[in-house]
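Right, one structure below, let's go through it.
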Amino acid sequence: MSASEPEWVAETTLRLVHQRQLAEHGGMPGIRDEGLFLSALARPQQLWCYGDPPPDRCQLAASYAHGLAKNHPFLDGNKRTAAIACELFLNLNGVFFSVGEEEKYPHYLALAAGDHTEESFADWLRSVTGPPA
Numbered sequence: 417m418s419a420s421e422p423e424w425v426a427e428t429t430l431r432l433v434h435q436r437q438l439a440e441h442g443g444m445p446g447i448r449d450e451g452l453f454l455s456a457l458a459r460p461q462q463l464w465c466y467g468d469p470p471p472d473r474c475q476l477a478a479s480y481a482h483g484l485a486k487n488h489p490f491l492d493g494n495k496r497t498a499a500i501a502c503e504l505f506l507n508l509n510g511v512f513f514s515v516g517e518e519e520k521y522p523h524y525l526a527l528a529a530g531d532h533t534e535e536s537f538a539d540w541l542r543s544v545t546g547p548p549a
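For the sequence shown, position 78 (counting from the first letter as 1) is numbered 494 according to the working numbering, and the numbering increases by one without interruption.
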């Protein structure tokens with residue numbers, strides 16, 4: 417029996433998340449490459465449809481983070497938006513994620529720098545997530 421399809425992060429939601437991150441933390445507004453933005457959003461859905469073995473929620477969340485951090489679709493705020501998209505996806509799908517800012521951001525920076533692979537990032541997510549209490 418296959419798992420039910422996850423709830424995906426909506427394109428409009430992610431655009432608003434990016435705008436809010438820039439408003440709160442500063443940075444240059446705008447999308448550098450629309451195709452790379454849409455590609456990053458589609459990665460988890462493609463993985464869901466064609467992944468073998470089927471991906472778990474942490475692998476799909478890592479796919480959001482990796483796609484946004486590495487595609488660099490925005491003029492600024494790519495890592496921040498990647499972090500929010502990853503955590504929002506987990507939240508939307510009932511996965512509890514409670515890690516402090518000081519602990520989690522080095523992992524997002526390492527992912528963007530290539531020091532974390534998508535799979536190692538997913539492994540880290542698995543180590544710090546669980547079902548809601």
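All residues carry an ideal CB built from backbone N, CA and C; glycine is no exception.
- Between Asp472 and Leu438, the C-beta spacing is not below 8 Å.
- In this structure Tyr524 is buried. Its beta-carbon is surrounded by 16 or more other beta-carbon atoms within 10 angstroms.
- Two segments are said to touch when three or more pairs of C-beta atoms, one from each, lie closer than 8 Å; by this definition the stretch 502-513 does not touch the stretch 437-454.
- With a 10 Å radius around the Cβ and a threshold of 16 neighbouring Cβ atoms, Ser479 comes out buried.
- For Leu506 against Thr545, the beta-carbon gap comes to about 6 Å, under 8 Å, which counts as contact.
- Within the same chain, Cβ atoms closer than 7 Å to the Cβ of Glu423 are found at Leu508, Asn509, the five residues on either side in sequence being excluded.
- In this structure, the alpha-carbon of Leu527 lies about 24 Å from that of Cys465.
- Here DSSP, grouped into helix, strand and coil, assigns Thr429 to helix.
- Contact annotation: Ser455 and Asn487 have beta-carbon atoms nearer than 8 Å.
- Gly483 has its alpha-carbon roughly 9 Å from the corresponding atom of Ala458.
- Straight-line spacing of the CA atoms in Asp531 and Pro522 works out to 10 Å.
- Taken through DSSP and simplified to helix, strand or coil, Thr497 comes out as helix.
- It is roughly 6 Å from the alpha-carbon of Leu541 to the alpha-carbon of Cys474.
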